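In this text, residue positions in the sequence shown follow my numbering: the first is 157, and each later residue adds one. Glycine is no exception: its CB is placed at the ideal position from the N, C-alpha and C atoms. Keep in mind that this is a model prediction, so the values were computed, not measured.
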Amino acid sequence: MLITDDFLPVPVPESLTATYLVPMAGLPRVGTKTAVAALADRLAEPVYGLARQMLDSPLMSVETRPIGEFPELPPDLLTAFGATEAQLDRLAAASHVVVVQAQYRPGWPPAHEWAARAVAAAVAESADGDVVDVFGLQFLDPATALRSLPDERGRIRLVDWILVPYSSDAEGLWFTTKGLRRFGLLELQTQGVPDHLTRAWGAVMTGAARRLLRDWADGLTGEEVPAFVPLPVLATVTGHDIAVAYGNPEQHGATAPVLLRLELDPATDPEADSFLSLRPPLGHPGTDGRYFAAACATLFTGIQPDVRYTRPGDAMSTAVSTARSRLDEVRARFLSGALPAETQLVVKYALPGADGPEYVWAGVTAWDDPERITGASASDAAADPAVRIGAPVVVATADVVDWALLGATGVLEGGWTQAVLDAGQPQPPTTP
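Structure below.
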């Protein structure tokens with residue numbers, strides 16, 4: 157294998173393991189093979205065949221254990237990654253857990269992940285239970301787990317398999333991926349991302365993961381597993397990469413490619429993870445954050461990400477009034493299921509702080525009471541240490557100052573206060 161300065165040699169693990177859990181009260185009442193057979197008409201043939209073959213081979217094991225024999229799952233992390241109170245209550249009440257594990261060589265298809273998730277979903281469905289993805293520390297209801305599996309053409313939405321968590325420090329935001337190691341590839345990271353690029357850079361990371369995963373899989377097509385796969389030092393990301401990763405290729409036209417430089421960041425602690433860092437190309441003038449902002453402007457023309465802000469003025473007051481005047485309408489659409497598929501409703505609301513109100517976003521999960529919104533925080537709040545990304549929040553409707561409907565490419569509707577900030581001057585916001 158020829159390695160040059162244009163390529164970065166990335167080590168390949170010898171084998172990969174997928175682990176899924178199905179907590180349940182009591183012992184399974186349906187055999188594993190019977191549960192999988194019940195999904196014959198709902199699983200695409202590549203996955204259905206893989207699941208049946210691996211069940212009959214030493215590559216997969218399915219064991220039922222008393223739950224006390226399995227290490228306790230951290231409820232705070234499960235909550236941060238989307239677990240509901242009902243799911244946590246079922247976990248607490250479980251007496252046993254079905255452990256589904258599968259091993260396979262690195263490469264494509266990732267048979268270990270597809271087969272193990274399919275079998276775990278079959279077992280969970282037969283027991284009216286949940287699937288716990290141990291790698292991602294996520295609860296999946298059986299229907300969601302099954303939807304994430306590939307279709308008859310082997311296509312998946314990468315967002316169903318990786319997460320992009322972030323945290324903040326004095327230099328900006330630190331983004332990482334969580335899920336690429338399922339496929340043998342190192343996780344990605346970016347440091348020093350400006351605060352106002354929160355949502356946009358998460359999408360860029362997802363698109364970059366999709367592009368690099370393709371290069372990674374192409375390097376593993378031989379009969380022998382190589383020790384290293386050469387990845388291009390300068391990776392390209394386009395709007396199409398992002399749209400495909402979100403499963404909506406038709407919702408994004410062609411954009412100019414953005415270049416990102418790969419750097420290997422090996423861990424000094426043997427217990428810690430190594431990363432592939434995404435940086436601007438060498439020789440780029442200015443800060444990394446300026447380059448990241450320019451990259452987002454290229455990939456999301458006319459779309460700006462979510463930010464926190466406090467800016468007075470007539471234009472902002474008009475924007476808030478416009479958003480609030482349409483709250484009843486968007487609530488009715490949310491409750492009736494009339495919002496477009498693959499979109500998320502978010503609201504911005506005020507948190508009291510020592511220096512005045514702080515405005516943060518939350519994804520809406522329930523709005524049965526017109527006066528109260530139940531959701532999950534979309535960002536960390538400086539004013540309240542309990543408000544962290546993914547944490548459950550209850551928002552008084554009276555505190556809402558804006559709302560937006562988000563799709564794979566950003567804001568599709570709403571976001572009037574954002575328009576005022578983007579204009580940079582006191583102009584009335586444009587109605588979508």
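Bridge-paired residues (DSSP) for residue i
i    : result
Y176 : V256 and D289
Q294 : D289
D421 : F431
G375 : DSSP output for G375 lists no bridge partner at all.
V385 : V166
L319 : K334
K189 : Answer is none; K189 lacks a bridge partner.
W559 : V503
P222 : H252
H514 : Looking at the sequence provided, one finds Glu at residue 514 rather than His. L507.
A532 : G519 and P548
V275 : Per DSSP, none; premise fails for V275.
A391 : L416
M216 : A258
G570 : A560
E343 : F431
Buried versus exposed call for residue i [16 or more other C-beta atoms within 10 Å across all chains shown]
i    : result
L491 : exposed
A488 : exposed
Q294 : buried
D162 : exposed
T424 : exposed
Y260 : buried
Q460 : The pLDDT assigned to Q460 is 37, lower than 50, so where the model puts this residue is not dependable; a value taken from the coordinates is nonetheless given after this. Result: buried.
E514 : buried
V166 : buried
V463 : Residue confidence for V463 is low, a pLDDT of 35 falling below 50, so the modelled location carries little weight; the figure read from the coordinates is stated next. Counting Cβ neighbours within 10 Å, V463 comes out buried, since at least 16 surround it.
D281 : Residue identity differs from the one stated: residue 281 is Glu in this sequence, not Asp. Classification of E281: buried, given that the 10 Å Cβ count is 16 or more.
A522 : exposed
P441 : exposed
A451 : buried
T190 : exposed
G445 : buried
P231 : exposed
Q581 : Any reading at Q581 is ruled out, since the residue's pLDDT is 36, under 50, leaving its predicted position unreliable.
Y183 : Residue 183 is actually Leu in this sequence, not Tyr. Exposed.
D397 : buried
P350 : buried
A248 : exposed
L206 : buried
Q574 : buried
R370 : exposed
P437 : exposed
Contact check, residue i vs residue j, beta carbons under 8 Å
i    : j    : result
V389 : L418 : yes
L507 : D540 : yes
A299 : A276 : no
F395 : L341 : The question names Phe, but residue 395 is Gly in the sequence shown. Not closer than 8 Å, so no.
L105 : L199 : Lying outside 157 to 588, the shown extent of the chain, residue 105 is not represented and no answer is given.
L336 : A365 : yes
G378 : G348 : no
H268 : M180 : no
V385 : G375 : yes
L353 : L368 : no
R637 : V186 : Outside the shown range of the chain (157 to 588) lies residue 637, about which nothing can therefore be said.
V556 : Y505 : yes
V168 : V254 : no
L495 : W559 : no
Y204 : V290 : no
E569 : T553 : no
V288 : L211 : no
W357 : F448 : yes
Q345 : T332 : yes
L164 : F237 : no
M472 : V576 : yes
V502 : A534 : yes
E170 : V381 : yes
R338 : A174 : yes
Rounded Cβ spacing between residue i and residue j (contact assumed at less than 8 Å)
i    : j    : result
A271 : A283 : The pair is not a contact, with the Cβ atoms about 19 Å apart (cut-off 8 Å).
V549 : V543 : 6 Å
P265 : L172 : Between L172 and P265 the Cβ distance is about 12 Å, and since that is not below 8 Å, they are no contact.
I537 : G519 : Residue identity check: residue 537 is Ala in the sequence provided, not Ile. Incorrect: roughly 14 Å between the Cβ atoms, too far for contact.
R221 : G285 : With 8 Å as the limit, R221 and G285 do not qualify as a contact, their Cβ atoms being about 15 Å apart.
A194 : A250 : A194 to A250, Cβ: 22 Å. No contact.
T235 : A547 : 7 Å
P422 : S430 : 5 Å
T478 : W572 : 5 Å
P202 : G292 : Actually they do not touch by this definition, with Cβ atoms about 22 Å apart.
| field | Cβ contact check for the region 306-318 and the region 392-402: 3 or more pairs under 8 Å | value | yes
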